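Chains as they are written, first to last, in this note's numbering: chain A, 274 to 376; chain B, 274 to 376.
One structure below.
There are 2 protein chains.
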Amino acid sequence: MTTKKMSAENETCPAQALLKMLSGKWKPEIFRLATKGPLRFSSLLREVAGSNKQSLSVALKELEEAKLLQKVIIREKPLHIEYNLTENGKSLIPIFEQLESLG
Amino acid sequence: MTTKKMSAENETCPAQALLKMLSGKWKPEIFRLATKGPLRFSSLLREVAGSNKQSLSVALKELEEAKLLQKVIIREKPLHIEYNLTENGKSLIPIFEQLESLG
DNA sequence: TTTGGTAGTCATAAAAAACTGACTTATTGC
DNA sequence: GCAATAAGTCAGTTTTTTATGACTACCAAA
């Protein structure tokens, strides 16, 4: 069963995992918005220009799996879901701000 | 001529450009090696496990275009080429180290 | 029980990134 | 001129990422 191409993720570079967490077309902006406050799916869809449900869904899931965001069900007026930064996510803010300051 | 899909790069997130400079399968490791000293194509090909000429070539070109690396022709024994960090590239080192420390 | 809001999933298609092996260019040493 | 070393390029293919539109699930109010 030795497949010719293994996605064995031979990551020899420690920074790579972190970079990957924020890589792709939508994750950086989603992360930035998350630093401003809780996110809702429908708001993102409206506010993130050019985005689409599927891509946001994938990006949110990946940010969640990377433990940068966490999903919270809000049992209120219209029941909905919020995405918040985890402690892990918050620890990335200073680095993110440094990146922004260089841009 | 309104093409349905424009790659208009609507980058509303300032950090995104920086992240993009180091995105992809090979650029993080190449950058990390560049912080240790000058790079040569053939050495990279040997040292970066699983890489290949084409991908390294593309990655180096992108790092060059992003002004993180610069190409220098070395007129010595066997004439060859070196890739060095630019000042711009060096300014990223602290951020990169922070990323590594979190990993 | 139908309607409306919220938050998605699914199958499929298109675009971008990465891989492979053959081929190219430039310089040096014999 | 001929081979060797270094640094690639090129065409074609595969893999991964992103996009589209239709459809689903949950709850609440009328």
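Even glycine gets a Cβ: it sits at the ideal position worked out from N, Cα and C.
Keep in mind that this is a model prediction, so the values were computed, not measured.
Own chain partners of B:Gly297 with C-beta closer than 7 Å, once the 5 adjacent residues on each side are dropped: The residue labelled residue 297 of chain B in the question sits at position 24 within the second sequence. Ala332, listed in sequence order.
Rounded separation between A:Lys300 and B:Glu320 - CA only: Taking the first residue of the first sequence as 1, we reach residue 300 of chain A at position 27. Taking the first residue of the second sequence as 1, we reach residue 320 of chain B at position 47. Between A:Lys300 and B:Glu320, the C-alpha separation is close to 31 Å.
Alpha helix (DSSP H) segments (min. 4 residues) lying fully within the segment 288-318 of chain B: For the alpha helix (DSSP H) assignment, the uninterrupted runs of no fewer than 4 residues enclosed by the segment 288-318 of chain B are, from N- to C-terminal side, 300-307.
Simplified DSSP assignment, three categories, for B:Val331: One-based indexing of the second sequence puts residue 331 of chain B at position 58. Helix at B:Val331.
Cβ shell of A:Lys350 (< 8 Å), same chain only, five flanking positions each side left out: Taking the first sequence and counting its residues from 1, the one referred to as residue 350 of chain A is at position 77. Result list for A:Lys350: empty, nothing under 8 Å.
For B:Asn361, the first and last residue of its enclosing alpha helix (DSSP H): Numbered from 1 along the second sequence, position 88 holds the residue referred to as residue 361 of chain B. Looking at the DSSP string, the run of the alpha helix (DSSP H) that includes B:Asn361 is 360-375.
A:Lys350 - DSSP class collapsed to helix/strand/coil: Mapped onto the first sequence, residue 350 of chain A falls at position 77. In the structure shown, A:Lys350 sits in coil (DSSP, three-state: anything other than H, G, I, E or B).
Proximity to A:Ile368 [Cα-Cα], best of A:Ser315, A:Ile346, A:Arg305, A:Leu342: Counting from one through the first sequence, the residue named residue 368 of chain A turns up at place 95. It is A:Arg305 whose Cα lies nearest to the Cα of A:Ile368.
Below-7 Å beta-carbon distance, A:Ala290 vs any chain B residue: Residue numbering aside, residue 290 of chain A sits at position 17 when the first sequence is read from its first letter. Judged by the 7 Å Cβ criterion, A:Ala290 is in contact with chain B.
Pick from B:Gln371, B:Glu355, B:Ser364 that is closest to B:Gly310, judged by C-alpha positions: One-based indexing of the second sequence puts residue 310 of chain B at position 37. Answer by Cα proximity: B:Glu355.
Proximity below 7 Å, CB of B:Ile347 to CB of B:Thr308: Residue numbering aside, residue 347 of chain B sits at position 74 when the second sequence is read from its first letter. Residue numbering aside, residue 308 of chain B sits at position 35 when the second sequence is read from its first letter. Not closer than 7 Å, so no.
7 Å Cβ cutoff met for A:Glu292 and B:Leu352: Within the first sequence, residue 292 of chain A is the residue found at index 19, counting from 1. Within the second sequence, residue 352 of chain B is the residue found at index 79, counting from 1. At residue 292 of chain A the sequence reads Leu, which differs from the Glu that was named. No, the Cβ-Cβ distance between A:Leu292 and B:Leu352 is not below 7 Å.
Residues within the segment 319-349 of chain B neighbouring chain A, beta-carbon criterion of under 7 Å: Ala322, Gly323
Residue burial classification, B:Gly323 (beta-carbon count within 10 angstroms, cutoff 16): Taking the second sequence and counting its residues from 1, one reaches residue 323 of chain B at position 50. Exposed.
Distance, B:Gln343 Cα to B:Asn361 Cα: Along the second sequence, read from residue 1 onward, the residue named residue 361 of chain B stands at position 88. Along the second sequence, read from residue 1 onward, the residue named residue 343 of chain B stands at position 70. So the two alpha carbons sit approximately 10 Å from each other.
Cβ of A:Phe369 within 7 Å of any chain B Cβ: Counting from one through the first sequence, the residue named residue 369 of chain A turns up at place 96. It does: the Cβ of A:Phe369 has a partner Cβ on chain B nearer than 7 Å.
Status (buried if at least 16 other CB within 10 Å, exposed otherwise) for B:Glu335: Position 62 of the second sequence, counting from 1, holds the residue named residue 335 of chain B. B:Glu335 is buried by the Cβ-count criterion.
Beta-carbon gap between A:Ala290 and B:Gly376 smaller than 7 Å: Position 17 of the first sequence, counted from the first residue, corresponds to residue 290 of chain A. Position 103 of the second sequence, counted from the first residue, corresponds to residue 376 of chain B. In this structure, B:Gly376 lies closer than 7 Å to A:Ala290 by Cβ.
Cβ-Cβ distance between B:Leu341 and B:Leu329 below 7 Å: Numbered from its first residue, the second sequence carries residue 341 of chain B at position 68. Numbered from its first residue, the second sequence carries residue 329 of chain B at position 56. Taking 7 Å as the Cβ cut-off, B:Leu341 and B:Leu329 do not qualify as a contacting pair.
Euclidean distance between Cα positions of B:Lys326 and A:Glu373: Here residue 326 of chain B refers to the residue found at position 53 when the second sequence is read from its first residue. Here residue 373 of chain A refers to the residue found at position 100 when the first sequence is read from its first residue. Taking the straight line from one Cα to the other gives about 32 Å.
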